[in-house]
Amino acid sequence: MAPEPHPSGLSKSELWHRYDRYPALLAKIATFAFVVGLVYVLFTAVEAVLVPVLTALLIAYLLDPLVDRFEERGWSRSNTILGLLAAGGVFVGLFLLFLYPTVAHQAKNVSDGVPVLLERTETELVPWIEATFPVDIPDDWTAILTTYGDTLRAQVPTLTRTASAALGEVWSRLTVLLASAINVVMIPVFTFYFLRDFDVMRLALVDYIPAVNRDFLLERIRRMDEVVGAWFRGQVEVAVILAALYAAGLAVVFGWAGVGVGAGLAIGMLSGILNIVPYFGFVIGFSLSVLMVLLDWNGLGPLIGVLAVFGIVQGLEGYVITPRIVGEKVGLSPVTVIIALLLGGELLGIVGILLALPTAGIIRVLWPDVVAWYKASRIYLGDAAEPDAAEPVREDKAAGPSPS
6 MAPEPHPSGL SKSELWHRYD RYPALLAKIA TFAFVVGLVY VLFTAVEAVL VPVLTALLIA
66 YLLDPLVDRF EERGWSRSNT ILGLLAAGGV FVGLFLLFLY PTVAHQAKNV SDGVPVLLER
126 TETELVPWIE ATFPVDIPDD WTAILTTYGD TLRAQVPTLT RTASAALGEV WSRLTVLLAS
186 AINVVMIPVF TFYFLRDFDV MRLALVDYIP AVNRDFLLER IRRMDEVVGA WFRGQVEVAV
246 ILAALYAAGL AVVFGWAGVG VGAGLAIGML SGILNIVPYF GFVIGFSLSV LMVLLDWNGL
306 GPLIGVLAVF GIVQGLEGYV ITPRIVGEKV GLSPVTVIIA LLLGGELLGI VGILLALPTA
366 GIIRVLWPDV VAWYKASRIY LGDAAEPDAA EPVREDKAAG PSPS
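Here my numbering is used: the first residue of the sequence shown is 6, the next is one more, and so on.
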């Protein structure tokens, strides 16, 4: 018996797309929002446990291709992992014993010396410019410099205390999460076991992917690995090379200027390592280096040396190092990386920072599929969309052929 037509005269497909689908969409959105909220609450509640686990997973994910290379050459996988972990422990020890105290000491000297630098700018730099070059600095600019110089000198201690308090809060949180004895022990332990069984875990997860969509999902996962994994590994390699170049260059300049070879090595290594986040290492290292040579003024030579070091290294990074190592890998843009890290840190703290880049990579890969779906949908095409293509599967069709 044929079903009775709807009083409005609309077909079932038209009724669905105009009216009935909206409650279903609202139910899906509500369910998705509930799941996201539940995940957020759980991540916040178990943050202290997730940090060592996610950190170990990230390290294992980055080191797995290197371990595979050594294993292909006949090395024992377990011995290779132990060797890499030992090298990482040496680096962490050097950071705690040399790099961090040196940079912290120099940063404190710069912070304490900014008021002195402002005073020297007013009393020495402006008269020197007027006496050396045929330039008359306007009186109003000098007055503004004098007026705001006093204001800046008064505000610098407050700003310094505020920045120190903020850094202290971050450091105290990091101390609670990362510097506890259990995390220090568990991160390398988790990393060892994750790396040892990484390939087994990866293959085991494939069996849980629905067979009907397995090829589609595996292709997207491969592209996610290229966007995040290969690109991020390349960024780490670039950061290590930049750390060596910056350290060598600044050690020579700072040693010549009398600032100290150790300070040049520490700031150079820090500048390179922080370059994993685009522009961050350059801004921090360049600012500290310029302020240090200005505070310990020995003429234009050291300042020109610092400018030359950062200019040459940045040129090598942009035209030689990054193109040869990262190549044409389609990764995340610098702006995307910065925004993702800021949002992740704001929403979930350390856990959010660890999850920021993988999440951004997932969005980067799936976004073309979302756009393609949207442009093929009735929302975009309106009545031009194929009714049968967008029509939902009804119960009478899903139930299969009726018995004869």
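A virtual CB, placed ideally from N, CA and C, is assigned to each residue, including glycine.
Spatial distance of residue i from residue j (CA atoms)
{"i": "proline 70", "j": "valine 241", "result": "14 angstroms"}
{"i": "serine 276", "j": "arginine 26", "result": "54 angstroms"}
{"i": "isoleucine 214", "j": "proline 373", "result": "21 angstroms"}
{"i": "valine 205", "j": "valine 72", "result": "14 angstroms"}
{"i": "serine 81", "j": "isoleucine 226", "result": "28 angstroms"}
{"i": "valine 46", "j": "threonine 36", "result": "15 angstroms"}
{"i": "asparagine 280", "j": "glycine 354", "result": "21 angstroms"}
{"i": "valine 370", "j": "leucine 62", "result": "21 angstroms"}
{"i": "leucine 172", "j": "alanine 252", "result": "Only weak support exists for where leucine 172 lies, its pLDDT of 49 falling under 50; the coordinates are left without a value."}
{"i": "alanine 262", "j": "glutamate 322", "result": "25 angstroms"}
{"i": "leucine 102", "j": "alanine 109", "result": "12 angstroms"}
{"i": "threonine 49", "j": "valine 95", "result": "32 angstroms"}
{"i": "alanine 65", "j": "alanine 32", "result": "39 angstroms"}
{"i": "arginine 219", "j": "arginine 207", "result": "14 angstroms"}
{"i": "alanine 92", "j": "leucine 99", "result": "11 angstroms"}
{"i": "aspartate 202", "j": "alanine 209", "result": "10 angstroms"}
{"i": "valine 376", "j": "arginine 383", "result": "13 angstroms"}
{"i": "alanine 112", "j": "valine 288", "result": "14 angstroms"}
{"i": "glycine 320", "j": "proline 339", "result": "17 angstroms"}
{"i": "tryptophan 146", "j": "tyrosine 284", "result": "Per-residue confidence for tryptophan 146 stands at a pLDDT of 49, beneath the threshold of 50, marking its modelled position as unreliable; the derived number appears in the next sentence. If you take the alpha carbons of tryptophan 146 and tyrosine 284, they lie about 32 angstroms apart."}
{"i": "proline 28", "j": "alanine 381", "result": "21 angstroms"}
Rounded distance between the beta-carbons of residue j and residue i, thought under 8 angstroms
{"i": "proline 57", "j": "phenylalanine 195", "result": "6 angstroms"}
{"i": "threonine 341", "j": "isoleucine 192", "result": "Wrong, their Cβ atoms sit about 27 angstroms apart, outside the cutoff."}
{"i": "glycine 366", "j": "leucine 337", "result": "7 angstroms"}
{"i": "threonine 327", "j": "valine 243", "result": "6 angstroms"}
Opening and closing residue of the alpha helix (DSSP H) in which residue i lies
{"i": "aspartate 204", "result": "203 to 211"}
{"i": "glycine 265", "result": "That residue, glycine 265, is in no alpha helix (DSSP H); it is neither H nor E in DSSP."}
{"i": "tyrosine 324", "result": "Element bounds for tyrosine 324: n/a, residue is neither H nor E."}
{"i": "glutamate 351", "result": "339 to 380"}
{"i": "tyrosine 3", "result": "The structure shown does not extend to residue 3, since the chain is modelled only from 6 to 409, so the question has no answer here."}
{"i": "serine 294", "result": "285 to 300"}
{"i": "valine 97", "result": "82 to 99"}
{"i": "glutamate 224", "result": "219 to 229"}
{"i": "leucine 104", "result": "Looking at the DSSP string, leucine 104 is not in any alpha helix (DSSP H), and its letter there is neither H nor E."}
{"i": "isoleucine 384", "result": "383 to 386"}
Neighbourhood of residue i by C-beta distance below 7 angstroms, restricted to the same chain and skipping five residues each side
{"i": "valine 258", "result": "Gly269, Pro307, Gly310, Val311, Val314"}
{"i": "phenylalanine 199", "result": "Ala61, Leu62, Ala65"}
{"i": "isoleucine 278", "result": "Ala244, Ala248, Gly286"}
{"i": "tyrosine 379", "result": "Tyr385"}
{"i": "threonine 107", "result": "Gly267, Ala268, Ala271"}
{"i": "glutamate 77", "result": "none"}
{"i": "valine 217", "result": "none"}
{"i": "asparagine 303", "result": "Ala262, Gly263"}
Own chain partners of residue i with C-beta closer than 6 angstroms, once the 5 adjacent residues on each side are dropped
{"i": "valine 264", "result": "Met297, Asp301"}
{"i": "alanine 361", "result": "Ala345, Leu346, Gly349"}
{"i": "phenylalanine 75", "result": "Thr85"}
{"i": "glycine 357", "result": "Gly349, Gly350"}
{"i": "valine 40", "result": "none"}
{"i": "phenylalanine 291", "result": "Phe315"}
{"i": "leucine 256", "result": "At residue 256 the sequence reads alanine, which differs from the leucine that was named. Excluding residues within five positions, the ones whose Cβ falls inside 6 angstroms are Val266, Gly269, Leu270."}
8 angstroms CB neighbourhood of residue i in its chain, flanking five on each side removed
{"i": "glycine 118", "result": "Leu296, Leu300"}
{"i": "valine 416", "result": "Since the first residue of the chain shown is 6 and the last is 409, residue 416 is not available in this structure."}
{"i": "glutamate 52", "result": "Leu182, Leu353, Gly354, Ile355, Val356"}
Beta-carbon proximity of residue i to residue j, cut-off 9 angstroms
{"i": "phenylalanine 197", "j": "leucine 43", "result": "no"}
{"i": "valine 5", "j": "glycine 239", "result": "Given that the chain is displayed from residue 6 to residue 409, the structure contains no residue 5 and the question cannot be resolved."}
{"i": "leucine 305", "j": "isoleucine 272", "result": "no"}
{"i": "leucine 223", "j": "valine 232", "result": "no"}
{"i": "methionine 274", "j": "leucine 104", "result": "yes"}
{"i": "leucine 67", "j": "glycine 234", "result": "yes"}
{"i": "valine 282", "j": "isoleucine 368", "result": "no"}
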